[in-house]
Amino acid sequence: MKAKNLVIVFLITFMASCGAEVVAIFIPLLSAVRWDSDRNSQFFFFTVANEGKNESDFSGNEVDDGGSVRSFEGHYKNYDVNFTFTSGPEETVKYTGKFIKDANPQRMEVTGTNGVKLKITRSQ
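Residue numbers for the sequence shown, in this note's numbering: 1 to 124.
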């Protein structure tokens, strides 16, 4: 009986010590789908270094309605995301923000160092 009680105390202590870290783990599904932004119906395509993990670097392209392509590189960890354009008119502009918890479809909201705000939604 003592062993059973010890196991119960251990499990309760372990669960209590995990706290928010366990809840904050989030794995976005970025690659192999189109993401639409709220500016001129632009599309984002992602290549993710560590797909299926809660933290990864990624790269991709933004394609506007006229077919112009702008490249970017970024990083996400759980809900936090950032990316910097490496080409185009926003070259060197860094966007920082978050994936919106429980959004369906998945969505991120980011703000650039130029003050521009974007909502980027995973296409269904």
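For glycine and all other residues, C-beta sits at the position ideal for the given N, C-alpha and C.
Keep in mind the model is a prediction, meaning the values are calculated, not measured.
Bridge-paired residues (DSSP) for residue i
| i | result |
| --- | --- |
| T121 | D36 and R107 |
| E55 | K77 |
| I48 | A quick correction: the sequence has Val, not Ile, at residue 48. In DSSP, V48 forms a bridge with F58. |
Buried versus exposed, by CB contacts within 10 Å (16 or more), residue i
| i | result |
| --- | --- |
| E62 | buried |
| S56 | buried |
| I25 | exposed |
Short Cβ contact (8 Å threshold) for residue i with residue j
| i | j | result |
| --- | --- | --- |
| Y76 | P28 | yes |
| L118 | S37 | yes |
| G66 | F45 | no |
Residues near residue i in its chain [Cβ-Cβ closer than 7 Å; skip 5 each side]
| i | result |
| --- | --- |
| K98 | Y79, D80, V81, M108 and E109 |
| P105 | T121, R122 and Q124 |
- Task: Taking only runs that begin and end inside the segment 58-111, name each unbroken alpha helix (DSSP H) of 4 or more residues, in chain order.
- Result: none
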